[in-house]
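The listed protein sequences correspond, in order, to chains F and X. Residue numbers for the first sequence follow the working numbering, so the first one is 22 and each next one is one higher. Residue numbers for the second sequence follow the working numbering, so the first one is 9 and each next one is one higher. Where a beta carbon is used, it is the ideal one built from N, C-alpha and C, also for glycine. Since the structure is predicted, the reported quantities are computational estimates derived from the model, not experimental observations. Structure record follows, encoded as structure tokens.
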Amino acid sequence: MAQILVVDDSSTVRDEVAGFLKRNGLDVATAVDGKDGLSKLRLDPKLKLVVSDVNMPNMDGLTMAEKIRGELGNKTVNIVMLTTENSPIMKERGKAAGIKGWIVKPFKGDAVLATFKKLVEA
Amino acid sequence: MITDRAKAGFDRLLVASLKSGMPVGGARVDVESVKELGKVKEKKIVILTVSSYLFRAIAILYFRPDAATRAYFNRSAEEGAPALTDDEFYDRVAECGNVVCGAFNRDLGPFFPHVGMSTPNIIDKDCMQYVDLLGCSLTRHYRIVLAGELTLYATLCVADYGLVDFHVDPAVEAAVDTGELEMF
């Protein structure tokens with residue numbers, strides 16, 4: 022059973038992030054956009070951590086986060102955004118949706134691995 | 009109208025973004041301005057826009073899906089990894105454009121709080137003949153040398169909808185810690 026869901030429309034980012042986390046002993050599933058991420062979380066509500074891009078087709082990452090808390094009623098999964106965006110307006114919207122953290126791309130696995138492990142063990 | 013110092017600011021920020029966003033596998037990246045792109049033979053472009061109420065900036069990276077370019081964008085792969093498929097290669101180039109424009113977008117944020125960017129699109133270079141229709145008042149071209157051996161080109165076009173004026177202090181570097189997790 023996966024512990025982490027990586028959501029990004031770029032296969033490059035999905036492969037890079039999921040590959041790194043798998044090599045470090047974590048179970049990872051992937052989704053191609055917010056809509057796909059929401060449906061995968063609906064099927065597996067025991068996921069511990071969602072790592073998501075913001076700007077994606079079909080459904081963006083912040084809308085997905087709002088729907089995870091609202092539509093799915095999932096108040097426990099940790100949500101971290103991984104994005105090129107650094108806008109305070111977007112971060113405030115993310116905080117209001119209950120996201121746990123924000124990473125500005127590019128992804129540097131070694132900088133976040135320990136925290137990700139804590140988040141999936143919590 | 010775009011003031012001269014704003015033109016210099018766009019120029020400086022894009023060059024910095026290309027230098028920070030183009031390296032793959034720790035490669036060195038050199039960027040210089042060029043006057044013309046007459047000899048560019050690349051067939052494809054990745055295009056992104058960064059927009060505010062006052063302007064629309066279009067960043068274009070020209071590339072060829074040839075062996076050298078594919079090898080560059082696969083530099084970080086583990087030894088023995090298979091060659092990139094077409095889809096994987098185009099996605100890597102698009103993501104590279106995304107990271108470059110993401111940095112450009114972030115660096116414009118302090119001057120234009122409502123700036124936002126598009127997702128990357130890969131289209132044929134022939135589409136560039138229509139860029140003139142946008143009525144851009146700033147156009148800059150760049151030569152990018154990757155790992156000392158692969159040369160690509162980029163163009164920045166900016167169309168203004170009002171007075172665009174800002175000053176980038178060359179002594180002040182952007183203070184964004186990329187890759188670090190900011191906890192809320």
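In or out: residue i buried (at least 16 other Cβ within 10 Å) or exposed?
i              : result
T147 (chain X) : exposed
F137 (chain F) : buried
M85 (chain F)  : buried
I131 (chain X) : exposed
G122 (chain F) : buried
E157 (chain X) : exposed
N129 (chain X) : exposed
G17 (chain X)  : buried
G46 (chain X)  : exposed
M9 (chain X)   : exposed
N45 (chain F)  : exposed
G94 (chain F)  : exposed
M22 (chain F)  : exposed
H149 (chain X) : buried
Y161 (chain X) : buried
Y25 (chain X)  : In the sequence as displayed, the identity of residue 25 (chain X) is Ser instead of Tyr. By the 10 Å Cβ count, S25 (chain X) comes out buried.
E40 (chain X)  : exposed
From this set, the options, which residue's C-alpha is nearest residue i's C-alpha?
i              : options                           : result
G124 (chain X) : F:F137, F:G119, F:P109 and F:P127 : F:P109
P78 (chain F)  : F:K69, F:L70, F:K67 and F:D54     : F:D54
A167 (chain X) : X:Y98, X:V58 and X:P31            : X:V58
V125 (chain F) : X:D185, X:L45 and X:L21           : X:D185
F71 (chain X)  : X:Y138, X:G29, X:I152 and X:R20   : X:I152
G117 (chain X) : X:G170, X:S60 and X:T93           : X:S60
E92 (chain F)  : F:T51, F:Q24 and F:L59            : F:L59
F192 (chain X) : F:E106, F:G119 and F:A132         : F:G119
A155 (chain X) : X:D12, X:D38 and X:G187           : X:D38
A117 (chain F) : F:K139, F:F41, F:R35 and F:I89    : F:I89
L127 (chain F) : F:L103, F:G115 and F:V27          : Before going on, a small fix: residue 127 (chain F) reads as Pro here, not Leu. Considering only alpha carbons, the answer is F:L103.
C144 (chain X) : X:A79, X:L164 and X:A89           : X:L164
A52 (chain F)  : F:A143, F:F41, F:S31 and F:K67    : F:S31
L57 (chain F)  : F:V71, F:L47 and F:E142           : Note that residue 57 (chain F) corresponds to Asp in the displayed sequence, not to Leu. For D57 (chain F), the nearest C-alpha among the options comes from F:V71.
V107 (chain X) : F:A132, F:I100, F:T97 and F:E106  : F:E106
E190 (chain X) : F:K96, F:G115 and F:G40           : F:G115
R64 (chain X)  : X:K52, X:G88, X:N113 and X:G33    : X:N113
Look up residue i in the DSSP assignment and give the residues it is bridged to.
i              : result
D38 (chain X)  : X:V153
D168 (chain X) : X:F63
I124 (chain F) : F:L103 and X:L189
L206 (chain X) : Examination of residue 206 (chain X) is not possible in this model, given that chain X is present from 9 through 192 alone.
L26 (chain F)  : F:A50 and F:V71
L22 (chain X)  : DSSP, once it has assigned bridges, lists no residue as partnering L22 (chain X).
T147 (chain X) : X:C165
V133 (chain F) : Answer is none; V133 (chain F) lacks a bridge partner.
G10 (chain X)  : Contrary to the premise, residue 10 (chain X) reads as Ile rather than Gly in this sequence. Bridge partners of I10 (chain X): X:V172.
V54 (chain X)  : X:L69 and X:I130
What in chain F is Cβ-close to residue i, meaning under 8 Å?
i              : result
G117 (chain X) : N107 and S108
V107 (chain X) : T105, K126 and P127
G156 (chain X) : Neighbours of G156 (chain X) on chain F: none; closest Cβ ~22 Å, over 8 Å.
Closer than 7 Å by beta-carbon distance: list the chain X residues that pair up with residue i, in chain order.
i              : result
N76 (chain F)  : T127
F128 (chain F) : G187
I120 (chain F) : F192
K116 (chain F) : F192
V141 (chain F) : The contacting residues do not exist; V141 (chain F) stays about 14 Å from chain X at best.
V133 (chain F) : L189
So residue i contacts chain X; which residues on that side make the cut at Cβ distance below 8 Å?
i              : result
G46 (chain F)  : The contacting residues do not exist; G46 (chain F) stays about 18 Å from chain X at best.
T97 (chain F)  : Correct list: empty, because the minimum Cβ distance to chain X is about 16 Å.
S31 (chain F)  : D99, A102, E103 and N106
V72 (chain F)  : Chain X residues near V72 (chain F): none, gap ~10 Å exceeds 8 Å.
V101 (chain F) : L189
In chain F, which residues lie with their C-beta within 9 Å of the C-beta of residue i?
i              : result
A67 (chain X)  : None at all; the shortest Cβ gap to chain F is about 13 Å.
E96 (chain X)  : S32, T33 and D36
R114 (chain X) : T105, E106, N107, S108 and V125
Counting only Cβ pairs nearer than 9 Å, list the residues of chain X close to residue i.
i              : result
V28 (chain F)  : Those within 9 Å of V28 (chain F) in chain X number zero; the least Cβ separation is about 14 Å.
T136 (chain F) : L189 and M191
Between residue i and the ligand SAH, is the CB less than 6 Å from at least one heavy atom?
i              : result
L142 (chain X) : The ligand content of the structure shown is nil, which means the ligand SAH is not present either.
So is residue i in contact with chain C if we call contact Cβ pairs under 7 Å?
i             : result
G33 (chain X) : Annotation note: the requested chain C is absent from the structure, which comprises protein chains F and X.
Let me know the beta strand (DSSP E) ranges lying completely inside the stretch 57 to 141 of chain X, each 3 residues or longer, listed in chain order.
Listed in chain order, the complete beta strand (DSSP E) runs (minimum 3 residues) inside the stretch 57 to 141 of chain X are 63 to 71 and 129 to 132.
Whole beta strand (DSSP E) runs in the stretch 44 to 72 of chain F with 3 or more residues, listed along the chain?
Within the stretch 44 to 72 of chain F, the complete beta strand (DSSP E) segments at least 3 residues long are 49 to 52, listed from N- to C-terminus.
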